[in-house]
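Have a look at the structure below, then the notes.
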């Protein structure tokens, strides 16, 4: 189980490989990759900065991974999150969950994403033709997290 | 949208990359990777052969991908499935779905796997210390597919 | 010549394909057969083959999970065979 | 010296941290403050800061979505501050 917060480009394939870990007990790996879109709420987005709360961020992600491990029989949870300046198509987040079977891998991966989206201290600031703007939280994210 | 059936080792990262396609409209990619375990139903499994029904296989996978594209607003569905002899930890299947948002990427990816597990003509034959055996279908797979 | 034959569609040969466990059980992966006119649906094919006796009767007994693909598409028991060129018998699939 | 002061715990300074939109609005990312004894919970901190007037009152008005982290852990409104060293005010998060 590992958590990475970095301002370097993220390699989703490396996150996937760490979760699978060449482990013969693993039958399923669910990977989610969040990437930067070039449009949001109807505006073109040229660039983005991801701010976070150093010190709390790593702990929040580790807590979410630990919670997933408690709720489902998973073998490994890997979370990597980018911070700092990003360009469209860049990877923002990669979450990989390895398990014996696919049901728990999918569920735990989706759970981690839903919790991360509502509990991990990251904030997106977009640069659009009209200037910079903080991204608003989505009600649908709260609803998604409330499912679990 | 692409379907690959191959006896060569699968590269899940390449499947992921094809789904994302460096496309600024993509905000989410869900990837599932099924890998060979070294144990099943309590027996050590040293090797496996994946048989399929050439001619039908590609069509069945393409139909499943098309169905996912109809049901959810997804941008790309990529399916790659291994056939022939496999060793533990080898990738059996990789399914990647790209979408604007994560909910539909997760749902469509899980749907493709559930349908693939019950409708695509693949059969696993395992080599165990007691000899070769065809793997039995799981009732849980039928239940998973019936959800959609 | 029996004139009632003229009322039936011309009998054409179909390819029958047996996969995985069924191929092992039947000792062959495929054969060519001319189906009798009474065999009109995917379900009819299974019952017709089961009537051959063992090992067909055991593997294809009512209640055994066998699926039929007609020209590479999964069929239901009542799917008509009209014009089919290849009919495959599939044990429950276990890929992925 | 006022003897009633002796009944209160010794006032200690805490670090107050403001993130993202709140940092921009307050014009500062952090400050050190000595909280009055009446400020005992995470919710109390928000109300105490809101009482400073604008821009605090607007950003921290009742009903605005602001979360509090006490020593790096998300807190509920009634989470006690006892012994807290760093209290952060977070707008709704938007990562991932």
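Chains as they are written, first to last, in the numbering used here: chain F, 55 to 202; chain E, 55 to 202; chain R, 3 to 98; chain H, 3 to 98.
Built from N, CA and C at the ideal position, the CB exists for glycine as well.
- Residue contact with chain E for residue 86(R): absent (no Cβ-Cβ distance below 8 Å to any residue of chain E).
- The DSSP-derived three-state label of residue 36(H) is strand.
- Taken through DSSP and simplified to helix, strand or coil, residue 112(E) comes out as helix.
- Note on residue 130(E): 16 or more other CB atoms within 10 angstroms of its CB, so buried under the neighbour-count rule.
- Judged by beta-carbon spacing, residue 137(E) lies within the 8 Å limit of residue 59(E), meaning their Cβ atoms are closer than that value.
- For residue 90(F), there are no neighbours in chain H by C-beta distance under 8 Å, as the nearest C-beta there is about 11 Å away.
- Per DSSP, reduced to three states, the secondary structure at residue 91(R) is strand.
- The continuous stretches of alpha helix (DSSP H) do not include residue 129(E), which lies in the beta strand (DSSP E) extending over residues 128-136.
- Judged by beta-carbon spacing, residue 141(E) lies within the 8 Å limit of residue 90(E), meaning their Cβ atoms are closer than that value.
- In terms of Cβ geometry, residue 20(H) and residue 91(H) form a close pair [threshold 8 Å].
- Between residue 66(E) and residue 145(E), the C-beta spacing is below 8 Å.
- Of the candidates 14(H), 48(H) and 52(H), the residue whose Cα lies closest to the Cα of residue 39(H) is 14(H).
- The CB of residue 174(E) comes closer than 9 Å to the CB of 95, 97 and 98 in chain R, given here in chain order.
- Spatial neighbours of residue 64(E) in its own chain (CB-CB distance under 6 Å, excluding positions within 5 residues in sequence) are listed in chain order as 134, 136, 145 and 148.
- Contact annotation: residue 139(F) and residue 101(F) have beta-carbon atoms nearer than 8 Å.
- The beta carbon of residue 71(R) sits closer than 7 Å to the beta carbons of 77, 90 and 92 from its chain, once the five residues preceding and following it are set aside; these are given in chain order.
- Contact annotation, residue 189(E) with residue 178(E): C-beta distance approximately 4 Å; criterion of less than 8 Å satisfied.
- Residue 97(H) sits close to residue 104(F), with the two beta carbons spaced by under 8 Å.
- Here residue 106(F) is bridged, per DSSP, to 176(F).
- Chain-ordered, the chain H residues with CB closer than 9 Å to the CB of residue 188(F) read 22, 23, 26, 93 and 96.
- Within the model, the alpha-carbon separation for residue 69(R) versus residue 194(E) is close to 18 Å.
- With respect to chain H, the C-beta atom of residue 191(F) has a partner C-beta closer than 8 Å.
- When only Cα atoms are considered, residue 98(F) and residue 78(E) end up about 10 Å apart.
- Look at residue 53(H): its C-beta is not under 8 Å from any C-beta on chain F.
- Residue 184(E) has its alpha-carbon roughly 22 Å from the corresponding atom of residue 80(F).
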